[in-house]
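Numbering (this note's numbering), first residue to last: 32 to 99.
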């Protein structure tokens with residue numbers, strides 16, 4: 032099993048390449064993510080599960096520099 036940060040494209044791509052290179056057995060890639068990732072006020076809360084962020088939070092999210 033390959034593990035990666037599901038918000039980090041480099042880690043995801045590396046895991047895919049490693050999985051493709053292993054032709055001897057099936058591969059499983061497990062990506063760890065955080066609900067609402069990037070939202071400054073709602074990330075990690077149940078409030079973003081199945082609900083839109085809202086106009087103000089969407090604008091804040093767009094203007095926030097993500098730390099991966």
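From the three backbone atoms N, C-alpha and C, an ideal C-beta is built for every residue, glycine too.
Just so you know, these numbers come straight off a predicted model, no measurement behind them.
#1: May I have the straight-line CA-CA distance separating residue 32 from residue 48, to the nearest angstrom?
#2: With DSSP as the reference, please indicate the residues paired to residue 34 in a beta bridge.
#3: Near residue 86, which residues of its chain fall below 7 Å by C-beta distance, leaving aside the five closest residues on each side in sequence?
#4: Does DSSP classify residue 55 as helix, strand or coil?
#5: Give me the residue from 74, 42, 57, 78 with the minimum Cα distance to residue 92.
#6: Below 8 Å on the Cβ atoms is my guess for residue 72 versus residue 88; work out the distance and round it to an integer in Å.
Let me spell this out:
#1: If you take the alpha carbons of residue 32 and residue 48, they lie about 13 Å apart.
#2: 61
#3: none
#4: coil
#5: The option with the nearest alpha carbon to residue 92 is 74.
#6: 6 Å
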